[in-house]
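A short worksheet on the structure shown next.
Chains as they are written, first to last, in our numbering: chain A, 4 to 269; chain B, 41 to 359; chain C, 16 to 288.
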């Protein structure tokens, strides 16, 4: 079973990585578009005469933001779209394990987005003369991997809900976009929030990932100082992944019972 | 006006590919005009040009006296399309709301639109699902809805593009009956029909154009077209599995005018339909099959149909 | 088509857009749905001010810019997205195209709904944002006639941008979203939305002068602050000129592209799904 899951995941990820990267236009668009928006934010900071650290804070958040959108649009909404276009019944009837399909989408998305996020970050660093600490790059990379693990496991949970629900969940999915970016403090440090909100926010993988990266790369802190972030991200990842595997099974059953598994065109 | 459609040397290229090649046809008022041809023969291109979705590369086409290139708005007021493989409409609103919406685009008043829609719903027996959202109806229900949408503006020319594709026998029959009664009710109405189903073409069409590789091969009444093969002898042979080279050898036998085969993968049975000038060569065919160790399961002489006409004229099968 | 007939059709098109957008849930949930995203997008911007330098004047600049920018985004999308959605998702563009109506009219009609709908999130986002930066909005004495006039002039150029994108979308099913997003994002960067355009490096700052959004945003701010109509004219006149130029260009470009698409047989193209 495990072998089948990974085989399916490999195939799905392959299509995803190959499909997106075979076209250089997509690549340019994926880096260019966030760069336009992020430049506007950085210029807004400049207009406020904010300390240069704020530029670095926003640049890291802006680059990481791509992963959240990828989870929402590239995974969850994509699954909805697969259903709308009739691919979903094909996946199901093929007998391929559904966790494998979702894992493949996650891995493919993560690889694609990493290339793009690095591109966006490097471009902003160059264009706005941002200074980042690179001495802790290895721990930062591990932190980044843990963030992706937790984030995409969460994405798998969202996606699985489309086995049962349709447009209404797609709308909820859309609704999560901006609030999550806000609470993750993509453009500003979450320390501006009251303490109670900071506590809640520390359960959001994106917020933790961004905060950790900033501590390491903007403020030059050591990984030991943010060990709690590593631990929480790992725990969140495990919990989300476990829930996702259960949800997929449950939602598929519910979808079959209610007949909504193949309902299209809502 | 007796000519509803007239094309003059109508030609359409897609890059180097010639989709329509100097097509000249005339469709008369109040007839059901069939367009028969395999996929890629140019049927869709012709319909697209006549329905103002596509411009010709050269030549001219007139629909109800209007030029498709310049007077397209006038044409659009007077035509409509029903395509069997399309699912146009908004799944999130009700069947009747979809119909009403289209009625508004055709210029009916708000209340007038509802009146027309409600009366069509009643006439077509759609009351049971008129209040359902469009994405919750079956294929048969959808196609009825689609047909009603197609006649909402009381078109003078209705394009029916494979209107019963994928539908079960009963619904298909129902739709064919609507088509017949719809055109009968008003002498101003005309239909251009494309179909893969021979029965449909034979049952509905007054005249049929056979189109192949972008050219019109023949236009005539169904009766006259069938006469083309009335002097021919048509045999159907059922065999176990048959190879292509064997078919090629049969084609070479003197007196064989055309042949096609269909294989049923589930049963392994192949059906050969052969058009011959005389009965004699059937013996040669049977002995050839015997030589190749191909078992003949059944042999019958058949009445000619439009498929045979197509085979006779073009030399290959329709589908 | 007479005026009365056109108005009836516009009403029907707005109704259809409303049905498609809203009928998946009850009205209160729908209203909450359409307000949440713009409000949080505004909060994202407002917190930049709070984090960097709590300054009510600059906060007001961002507050107005971002609140009204939502209307730009949804208005542009409303026109361009309809073309894509009707063709790709609902497969109905071909049948709409075959009705005796102009496609331009249809897209504008469908897009108009977004301008009506957009007023609610605009107001909510504005009030929430103002509370957070402690801006005394109740002491504002807006120049209402100019604010309203600006709203309608905004429709002209926003629809024009929608049509410009639709002119591109009519030829392609790929890159459609990138086209929409890049135009909308560029308007954020060049549009005097969250920072004054003089901060843009040369020669990019010159681009802003040729975009109606720059003047439109200024008039929104000035009208809310109660500036006199005469004093707003240096912004209003170029806005009006540019809006009309953009609209005329977009209108004819779309007509031209529609004809080319028809000649290439692209009106009913869809992607593989």
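Cβ coordinates follow ideal geometry from the N, Cα and C atoms, glycine included. Note that the structure is a prediction, hence the values are computed from the model and not measured.
Starting from residue 29 (chain A), follow the alpha helix (DSSP H) in both directions and report where the run begins and ends.
For this step, residue 29 (chain A) is matched to residue 26 along the first chain. Per DSSP, residue 29 (chain A) belongs to the alpha helix (DSSP H) from 27 to 50.
Contact set for residue 82 (chain B): own chain, Cβ-Cβ below 6 Å, skip 5 residues either direction:
Position 42 of the second chain, counting from 1, holds the residue named residue 82 (chain B). Cβ neighbours of residue 82 (chain B) beyond the five flanking positions: 59, 60, 251, 254.
From residue 291 (chain C) to residue 198 (chain C), what does the alpha carbon distance come to, in whole angstroms?
This structure cannot settle anything about residue 291 (chain C), because the visible part of chain C is limited to 16 through 288.
According to DSSP, residues forming a beta bridge with residue 268 (chain C)
The residue given as residue 268 (chain C) occupies position 253 in the third chain. Note: residue 268 (chain C) sits in no beta bridge, so no partner.
Report the rounded CA-to-CA distance for residue 71 (chain B) versus residue 117 (chain B), giving the unit in angstroms.
Within the second chain, residue 71 (chain B) is the residue found at index 31, counting from 1. Within the second chain, residue 117 (chain B) is the residue found at index 77, counting from 1. Each residue's Cα considered, the two are about 20 Å apart.
Please report the Cβ distance between residue 114 (chain A) and residue 20 (chain A), rounded to the nearest whole angstrom; I am assuming they are in contact, meaning their Cβ atoms lie under 8 Å.
Your numbering for residue 114 (chain A) matches position 111 in the first chain. Your numbering for residue 20 (chain A) matches position 17 in the first chain. With a Cβ gap of about 5 Å, residue 114 (chain A) and residue 20 (chain A) count as contacting.
Of the residues that make up the stretch 185 to 203 of chain C, which ones have a beta carbon closer than 7 Å to any beta carbon in chain A?
The stretch 185 to 203 of chain C vs chain A, Cβ under 7 Å: 190, 193, 196, 197, 200, 201, 203.
Using 7 Å as the threshold, is the C-beta distance between residue 202 (chain C) and residue 46 (chain A) below it?
For this step, residue 202 (chain C) is matched to residue 187 along the third chain. For this step, residue 46 (chain A) is matched to residue 43 along the first chain. No, they are not a contact pair.
Start and end residues, alpha helix (DSSP H) containing residue 129 (chain A):
Here the question's residue 129 (chain A) lines up with position 126 in the first chain. Unbroken alpha helix (DSSP H) run through residue 129 (chain A): 101 to 131.
Using 8 Å as the cut-off, can you tell me whether the stretch 168 to 181 of chain B makes contact with the stretch 122 to 136 of chain B, which would need three or more C-beta pairs spanning the two stretches below that distance?
yes
The beta strand (DSSP E) that contains residue 156 (chain C), what's its start and end?
For the purposes of this step, residue 156 (chain C) is identified with residue 141 of the third chain, where counting begins at 1. No beta strand (DSSP E) holds residue 156 (chain C); DSSP gives it neither H nor E.
Let me make sure I understand the geometry here. Which of B:291, B:319, B:279 has the alpha-carbon closest to that of residue 304 (chain B)?
The residue you call residue 304 (chain B) lines up with position 264 of the second chain. Residue 304 (chain B) has its Cα closest to that of B:279, out of B:291, B:319, B:279.
Spatial distance of residue 287 (chain C) from residue 221 (chain A) (CA atoms)
Within the third chain, numbered from 1, the residue matching residue 287 (chain C) stands at position 272. Within the first chain, numbered from 1, the residue matching residue 221 (chain A) stands at position 218. Its pLDDT being 41, under 50, residue 287 (chain C) is placed unreliably by the model, and the measurement read from it follows with that caveat. Between residue 287 (chain C) and residue 221 (chain A), the C-alpha separation is close to 45 Å.
Just list the beta strand (DSSP E) runs in the stretch 204 to 284 of chain B, keeping only unbroken ones of 3 residues or longer that don't cross its boundaries, in chain order.
230 to 234, 247 to 252, 255 to 261, 273 to 279
If I'm right that residue 109 (chain C) touches residue 93 (chain B) with Cβ under 8 Å, what's the distance once you round it to whole angstroms?
Numbered from its first residue, the third chain carries residue 109 (chain C) at position 94. Numbered from its first residue, the second chain carries residue 93 (chain B) at position 53. Confirmed, Cβ separation roughly 7 Å.
Work out the CA separation of residue 186 (chain B) and residue 105 (chain B) for me, nearest whole Å.
Within the second chain, residue 105 (chain B) is the residue found at index 65, counting from 1. Within the second chain, residue 186 (chain B) is the residue found at index 146, counting from 1. Taking the straight line from one Cα to the other gives about 27 Å.
Three CB pairs or more closer than 8 Å across the stretch 171 to 186 of chain C and the stretch 255 to 274 of chain C
yes
For residue 41 (chain C), which residues in chain B fall below 8 Å Cβ to Cβ?
Residue numbering aside, residue 41 (chain C) sits at position 26 when the third chain is read from its first letter. What residue 41 (chain C) touches in chain B: nothing, since even the nearest Cβ is about 14 Å away.
Residue 171 (chain C) and residue 258 (chain C) - do their beta-carbons sit closer together than 7 Å?
Locating residue 258 (chain C) in the third chain gives position 243, where the first residue counts as 1. Locating residue 171 (chain C) in the third chain gives position 156, where the first residue counts as 1. Between residue 258 (chain C) and residue 171 (chain C), the C-beta spacing is below 7 Å.
Beta carbon of residue 230 (chain B), beta carbon of residue 197 (chain B): below 7 Å?
On the second chain, residue 230 (chain B) is found 190 positions in, with the first residue counted as 1. On the second chain, residue 197 (chain B) is found 157 positions in, with the first residue counted as 1. A contact, by the Cβ cut-off of 7 Å.
Chain C contact for residue 53 (chain A) (CB, 7 Å cutoff):
Start at 1 with the first residue of the first chain, and residue 53 (chain A) comes out as number 50. Yes - at least one Cβ of chain C is within 7 Å of the one on residue 53 (chain A).
Taking DSSP's pairing of strands, which residues face residue 302 (chain B) in a bridge?
Walking along the second chain from the start, residue 302 (chain B) turns up at place 262. Residue 302 (chain B) pairs with B:311.
Report buried or exposed for residue 121 (chain A), applying the criterion of at least 16 other Cβ atoms within 10 angstroms of its Cβ.
Taking the first residue of the first chain as position 1, residue 121 (chain A) is located at position 118. The residue is exposed, with fewer than 16 neighbouring Cβ atoms inside 10 Å.
Per-residue contacts from residue 107 (chain C) into chain B (C-beta, under 8 Å)
As a working note, residue 107 (chain C) is residue 92 in the third chain. The contacting residues are 128, 129, 130.
So, using beta-carbon positions, are residue 246 (chain A) and residue 160 (chain A) closer together than 7 Å?
Taking the first residue of the first chain as position 1, residue 246 (chain A) is located at position 243. Taking the first residue of the first chain as position 1, residue 160 (chain A) is located at position 157. In contact: residue 246 (chain A) and residue 160 (chain A) (Cβ atoms closer than 7 Å).
Against residue 111 (chain C), what residues of chain B qualify as contacts under a CB-to-CB distance less than 7 Å, listed in chain order?
By 1-based counting over the third chain, the position of residue 111 (chain C) is 96. The contacting residues are 145.
At least three beta-carbon pairs within less than 8 Å, the stretch 126 to 133 of chain C to the stretch 204 to 211 of chain C
no
Taking the C-alpha atoms as reference points, what is the distance between residue 344 (chain B) and residue 297 (chain B)?
Indexing the second chain from 1 puts residue 344 (chain B) at position 304. Indexing the second chain from 1 puts residue 297 (chain B) at position 257. Cα to Cα, residue 344 (chain B) sits roughly 13 Å from residue 297 (chain B).
Could you please give the first and the last residue of the uninterrupted alpha helix (DSSP H) stretch that includes residue 46 (chain B)?
Looking up residue 46 (chain B) in the second chain gives position 6. Where residue 46 (chain B) is concerned, there is no enclosing alpha helix (DSSP H), although the beta strand (DSSP E) it sits in stretches over 43 to 54.
Classify residue 273 (chain B) as buried or exposed, calling it buried when 16 or more other Cβ atoms lie within 10 Å of its own Cβ.
Position 233 of the second chain holds residue 273 (chain B). Buried.
For residue 48 (chain A), tell me which candidate among C:59, C:64, C:57 has the shortest Cα-Cα distance.
The residue you call residue 48 (chain A) lines up with position 45 of the first chain. The residue with the shortest Cα to Cα distance from residue 48 (chain A) is C:64.
Can you tell me whether DSSP reads residue 68 (chain B) as helix, strand or coil?
As a first step, residue 68 (chain B) is located in the second chain; it is residue number 28 there, counting from the start. Looking at residue 68 (chain B) - three-state DSSP - the assignment turns out to be strand.
Tell me the rounded alpha-carbon separation between residue 254 (chain C) and residue 230 (chain C).
As a working note, residue 254 (chain C) is residue 239 in the third chain. As a working note, residue 230 (chain C) is residue 215 in the third chain. So the alpha carbons of these two residues sit roughly 6 Å apart.
Any idea if residue 85 (chain A) is buried or exposed, counting beta-carbon neighbours within 10 angstroms, 16 or more meaning buried?
The residue given as residue 85 (chain A) occupies position 82 in the first chain. When all chains shown are included, residue 85 (chain A) counts as buried.
Starting from residue 193 (chain B), trace the beta strand (DSSP E) both ways and give me its first and last residue.
The sequence position of residue 193 (chain B) within the second chain is 153, counting from 1. Unbroken run through residue 193 (chain B): none, as it is neither H nor E.
Assuming residue 77 (chain A) and residue 189 (chain A) make a contact with CB atoms under 8 Å, what is their CB distance in whole Å?
Here the question's residue 77 (chain A) lines up with position 74 in the first chain. Here the question's residue 189 (chain A) lines up with position 186 in the first chain. Contact between residue 77 (chain A) and residue 189 (chain A) is absent: CB atoms are separated by about 17 Å, not below the 8 Å threshold.
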